[in-house]
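**Student:**
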Amino acid sequence: MGNRTPLYDAHLAAGGKMVDFSGWDMPIHYGSQLDEHHAVRRNAGVFDVSHMTVVDIQGEQATDYMRRLLANDVANVEAGQALYTAMLNEDGGVIDDLIVYKRDNGYRVVVNCATREKDLAWMEEQTSGFDVVVREHPDLAMLAVQGPEARGRLADLLPSAVAQHASTLKPFTFCEGAGWTVARTGYTGEDGLELILPGEQAPDFWQALLDAGVEPVGLGARDTLRLEAGLNLYGNDMDATITPLEANMGWTVAWTEGRDFIGRAALERRREEDHPVLRGLVLESKGVLRPHQRVITDQGEGETTSGTFSPTLGQAIALARLPAGVTGEVEVEIRNKRLPARVVKPPFVRNGKTVYKYL
Amino acid sequence: MSQIPEELRYATSHEWVRMEDDGNVYVGISDHAQDSLGDLVFVEPPEVGDEISTGDECGVVESVKAASDIYAPMSGEVIAVNENLEDSPELVNQDPYGDGWIYQLKPANKAEWDELLSADDYATTLEDDED
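Sequences listed follow chains A and B, in order. Counting in this note's numbering, the first sequence runs from 586 upward without gaps. Counting in this note's numbering, the second sequence runs from 102 upward without gaps.
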């Protein structure tokens, strides 16, 4: 038996098919991954993401610490704003990608569950020399409510301490109250909110969402939605051997002059070299793209890092690490056959619409 | 609980086989197999004319989440494939023992039919898998 979120029984009650996910018993789907995917693109769905790790950083030097720890710069945002960033090792490799919520007094970050131990150890190690405390909050639940109808369905269900403010949140901002963090962020390419709340309140809130017509959505659809949205998955699209420059995350690196963040020197060197880049692929024939398929281009070989059948497009899509400058037609090797694909700039889908551009 | 029709035979690799009066057989994947895979989005059947042997990988079914090989439950020549699956792979989910058939085989050795699992025996292997 793996770890269970406060919603384990609710998943079983909703018909969830439970699988092991990095040591957690999580729902892969509740009947049809495709239907759940479409529910998020067209209406509203809720994901239990309580397996993710919530960590608070507080102390006199919390800002100095975060500006050292992270490749993006928390000084560029104000309290109430969220920031997407990589946490790098000295070689510029991505230890994890995370969301930072900047508070009046410190920071809250959400990191991946598969990297929890490594992340916490690294964050603790880096506190040396800073007046700062890093503390995990395993008692919290986390839900992502996503889709064009998500915020409307939620409006009457939030605690009064956050309801008013939550209704006016702009993208990538958040508010807090009564032990809840409500952020207009997500991992699907649709509008919606991510909510961090006390674990004991999660089952009633989950039920209220279902009663309001929000569909339960499993981790299977979470993966197809994020891939259509062109969003990276840690462990697939980047890891500790890959820099943000090779993972389509260059935009998250803040080169603020004089800021000595971990990995900066290595990234500056990498920036001057020829290095591969992460691009999108759209398969032009029938079939399904998967991770680790060989990509043959006129400038050398590459490899898919994530791939799936896109329910919205009705064809296969992938992220692939390719030699810089590759555009147009390439071939992907699937079971010893070479199938034609086009190089595109992700995202593939945003707000229910096809948006990718040919490169 | 998945459907396991009495009149069919099964392979441990979750294919079903239906014997027709003319001695040819239809092959598909079981209700249990389609349910485990989830929504199918692509089926790659063998080609008509292929000579296949028992246990050969002779095609692929892919769901949103994963690709899974299909194995030949009997030896013989592929004489037809279900062309409707090219545009409607979901037929395998909706009707695994009917409209979701994958290919038709002319068996090389009909004695192999008797070596396949009966519905009861297949049900037992599924129960064992769950233990």
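Idealized CB from N, CA, C, for every residue including glycine. From a predicted model like this one, the values you see are computed outputs, not experimental measurements.
1. B:V161 versus chain A: which residues are under 8 Å apart at the beta carbon?
2. In angstroms, rounded to a whole number, what distance separates the CA positions of A:K703 and B:R119?
3. Please list, in chain order, the chain A residues whose beta carbon lies closer than 7 Å to that of B:D140.
4. Nearest-angstrom Cα distance between A:G885 and A:A706?
5. Going along the chain, which residues of its own chain have a beta-carbon closer than 6 Å to the beta-carbon of A:R811, five neighbours each way excluded?
6. So what does A:M727 bridge to, in DSSP terms?
7. Of all the options A:V659, A:L780, A:K755, which has the alpha carbon lying nearest to the alpha carbon of A:A647?
8. Evaluate the contact criterion for the region 601–610 of chain A versus the region 789–799 of chain A: three or more CB pairs, one atom per stretch, below 8 Å.
9. Is the region 849–859 of chain A close to the region 872–891 of chain A, with three or more CB pairs under 8 Å?
10. Going by DSSP, what residue range makes up the beta strand (DSSP E) through A:D682?
11. Taking the beta strand (DSSP E) that A:L863 belongs to, which residues open and close that run?
12. Evaluate A:W791 with the Cβ neighbour count: other Cβ atoms within 10 Å of its Cβ, from every protein chain shown; 16 or more gives buried, anything less gives exposed.
13. Taking C-alpha atoms, which residue in A:A814, A:G732, A:D689 lies nearest to A:L776?
14. From A:E831 to A:G805, what does the alpha carbon distance come to, in whole angstroms?
15. Which same chain residues end up closer than 7 Å to B:K211 when comparing Cβ atoms and leaving out the 5 residues on each side of it in sequence?
16. According to the Cβ coordinates, are B:G156 and B:I203 closer than 8 Å?
17. Please check if any C-beta of chain A sits within less than 8 Å of the C-beta of B:E187.
18. Are B:I153 and B:G177 close, meaning C-beta to C-beta below 8 Å?
19. Give the secondary structure of B:L192 by DSSP, where H, G and I count as helix, E and B as strand, and everything else as coil.
20. Just verifying my parser: in three-state terms, what is the DSSP assignment at A:Q900?
21. Output, in chain order, the set of chain A residues within a Cβ distance shorter than 8 Å of B:V182.
22. Out of curiosity, what's the CA-to-CA distance linking A:Q786 and A:R693?
23. For the region 661–676 of chain A against the region 724–741 of chain A, do three or more pairs of beta-carbon atoms, one drawn from each stretch, fall closer than 8 Å, so that the two count as touching?
24. Distance cutoff 8 Å, beta carbons only. Does B:K211 sit that close to anything in chain A?
25. Is A:R844 helix, strand or coil when you go by DSSP?
26. The beta strand (DSSP E) that contains A:E918, what's its start and end?
27. Under a CB-based cut-off of 8 Å, is A:G630 close to chain B?
28. Can you list the residues of chain A that B:V149 reaches, using a CB-CB cut of under 7 Å?
29. Would you say B:V179 faces chain A, with C-beta separation under 8 Å as the test?
30. Can you tell me where the beta strand (DSSP E) with B:Q205 in it begins and where it stops?
31. Can you list the residues of chain B that A:K871 reaches, using a CB-CB cut of under 8 Å?
32. Check distances from the C-beta atoms of the region 810–840 of chain A to those of chain B and list, in chain order, the residues that come in under 8 Å.
33. Cutting at 8 Å between CB atoms, please list the residues of its own chain near B:S103, excluding the five before and the five after it.
34. A:V767 and A:V948 - do their beta-carbons sit closer together than 8 Å?
35. First and last residue of the alpha helix (DSSP H) that includes A:M708?
36. What does the Cβ neighbour count give for A:W836, buried or exposed, with the cut at 16 atoms within 10 Å?
**Tutor:** Walking through what the data contain:
1. R920
2. 53 Å
3. Those within 7 Å of B:D140 in chain A are S617, Q618, L619.
4. 38 Å
5. Y772
6. A:M727 is bridged to A:I781.
7. A:V659
8. no
9. no
10. 679–688
11. 862–868
12. buried
13. With the sequence shown as reference, residue 776 of chain A is identified as Asp, and Leu is not the correct amino acid for it. Ranking the options by Cα distance to A:D776, first place goes to A:G732.
14. Cα to Cα, the separation comes out at about 26 Å.
15. These residues qualify, in order along the chain: G124.
16. no
17. Closer than 8 Å to some Cβ of chain A, the Cβ of B:E187 qualifies, so yes.
18. yes
19. The answer is helix: DSSP assigns B:L192 an H, G or I state.
20. Note: A:Q900 maps to strand in three-state DSSP.
21. Correct list: empty, because the minimum Cβ distance to chain A is about 14 Å.
22. 20 Å
23. no
24. no
25. coil
26. A:E918 -> beta strand (DSSP E) spans 914–919.
27. Output row for A:G630: interface = no.
28. Under the 7 Å cutoff, chain A gives no residues; its nearest Cβ is about 17 Å from B:V149.
29. no
30. Membership of B:Q205 in the beta strand (DSSP E) is indicated by the continuous run 204–208.
31. F143, E187
32. none
33. S131, D132, H133, D136, L227
34. The requested residue 948 of chain A is not part of the displayed model; chain A covers only 586 to 944.
35. 701–710
36. exposed
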